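In my numbering, the protein residues as written are 409 to 861.
In this text, a Cβ means the ideal position worked out from N, Cα and C, and glycines have one as well.
Source: prediction; values computed, not measured.
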């Protein structure tokens, strides 16, 4: 068996003391070298900008405005707070569109500019502060002015990009709605003209009490049918915008078979049933009655559940997409599901209306024709009025979109005498530690030589 080697630490320490000049020189040399390096390394400064997201639940590109105009919960279009979460904003701040103007403004050795992703790794530290809606943008620069310029530039460029994107998408919504408004206006005018012509021809301007009662009963159906048609047109406008944004992925939502999902179908059936129930309540009570309010609240909750389920389906099928594409797909899929639910509700309401019309079919033919024409005119006018109101809301939203991010603290100007790097004391300490390690290795080598003699 080989003899186990034992190191005599006392003897090793004695050898180090005997050669203390050499050992001290090694430690001193490493320390001096570290200090020299600390003074040679270029200085770096840090500047921080603090921003706040106005609303974590806003959808990208005006989808929230569309939801409000449709009478749908704002969070229902495309999911929840992840839509415009601080995490998404942080990634967008590192995009080429935000960073390239800053890179172009700076001077680079030999004119070789870094890629945006490399620049972000070297110069930026963007983080969500303690999981709040606050974002800290910290930038490193060779001078205090450069650090301040980078930090402020990132936020300013990001705000500009968000404003342009929001206004572009909102303008698309307005354009699509304007097209539908023109059609709705023409249909409303035609329906009103037919009613006026009928009144003139038959000298029938005010139906009898029985007809008035029938008209009042049908008004609740007409109101809901109008709402369903507006919801379908609005959802189609949102779907068109999301499709245009997705470009080549415009068939993405359809590929997930949103409307074939069993849970989506179940929720949609509940929405249809609740819409029919709400019509019945409106025939008895005003919109301010507790029963009507409760039914409307339950309907909103079902609509939110439908949107949440659609968002979950998209998440499970498109996990590989980036956050922006994911939200566009969610908006597209939710619009598709909302349009389907509105269409199914409209069909159910029309069936109930047909039953009511059958009950009052004993009225004179002229009165029946009058009721039908007046009903059609009211529905068409309601659609037109609702679309105009929605378009105006979207125009207002367009002006408000740029307020999604607010600057709390502008980029500070670092003290020229307080660079964050190089950290001279730390580098000197590393030099001392490195010197001790080298001195220890040197002493151990001497020890082995002495012991082997």
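Assigned secondary structure, residue i (DSSP; H/G/I helix, E/B strand, else coil)
i           : result
residue 591 : helix
residue 821 : coil
residue 533 : strand
residue 545 : strand
residue 855 : helix
residue 674 : helix
residue 828 : coil
residue 815 : strand
residue 449 : coil
residue 503 : coil
residue 551 : coil
residue 515 : coil
residue 540 : coil
residue 694 : coil
residue 560 : helix
residue 652 : helix
residue 378 : Shown here, the chain extends from 409 to 861; a query on residue 378 therefore has no answer.
Rounded separation between residue i and residue j - CA only
i           : j           : result
residue 424 : residue 827 : 39 angstroms
residue 567 : residue 538 : 22 angstroms
residue 421 : residue 560 : 57 angstroms
residue 694 : residue 700 : 7 angstroms
residue 788 : residue 593 : 8 angstroms
residue 458 : residue 816 : 5 angstroms
residue 706 : residue 738 : 23 angstroms
residue 708 : residue 551 : 55 angstroms
residue 790 : residue 563 : 44 angstroms
residue 442 : residue 829 : 14 angstroms
residue 447 : residue 835 : 10 angstroms
residue 678 : residue 756 : 12 angstroms
residue 725 : residue 714 : 17 angstroms
residue 859 : residue 838 : 31 angstroms
residue 840 : residue 445 : 13 angstroms
residue 680 : residue 513 : 58 angstroms
residue 733 : residue 743 : 15 angstroms
residue 696 : residue 500 : 45 angstroms
residue 801 : residue 545 : 33 angstroms
Residue i: CB within 8 angstroms of a non-hydrogen atom of the ligand SAH
i           : result
residue 553 : With respect to small molecules bound, the structure shown includes none, and the ligand SAH cannot be examined in it.
Residue of the options minimising C-alpha distance to residue i
i           : options            : result
residue 553 : 525, 842, 600, 823 : 823
residue 846 : 529, 642, 738, 436 : 436
residue 691 : 842, 630, 719, 645 : 630
residue 547 : 528, 710, 859, 431 : 528
residue 451 : 854, 844, 832      : 832
residue 735 : 800, 653, 634, 498 : 653
residue 765 : 644, 858, 628, 745 : 628
residue 363 : 571, 533, 572, 603 : Because the chain spans 409 through 861 in this model, residue 363 falls outside it and cannot be assessed.
residue 778 : 521, 719, 856, 610 : 610
residue 642 : 723, 589, 549      : 589
residue 722 : 667, 501, 761, 608 : 667
residue 633 : 783, 598, 427, 853 : 783
Buried versus exposed call for residue i [16 or more other C-beta atoms within 10 Å across all chains shown]
i           : result
residue 686 : buried
residue 794 : buried
residue 418 : exposed
residue 531 : buried
residue 759 : exposed
residue 650 : buried
residue 583 : exposed
residue 626 : buried
residue 386 : Outside the displayed range of the chain (409 to 861) lies residue 386, so it cannot be described from this structure.
residue 523 : exposed
residue 471 : Reliability fails at residue 471, whose pLDDT of 39 lies under 50, so the model's placement of it is uncertain and no value is given.
residue 637 : buried
Same chain, Cβ closer than 8 angstroms to residue i, five either side skipped, listed in chain order
i           : result
residue 640 : 747, 750, 751, 754
residue 717 : 669, 671, 672, 675
residue 842 : 438, 442
Neighbourhood of residue i by C-beta, 7 angstroms cutoff - its chain only, sequence neighbours within 5 removed
i           : result
residue 569 : 505, 506
residue 494 : 461, 536, 541, 543
residue 703 : 682, 685, 686, 689
residue 521 : 511
Close Cβ partners of residue i (< 6 angstroms) along its chain, the five nearest in sequence each way excluded
i           : result
residue 503 : none
residue 797 : none
residue 600 : 785
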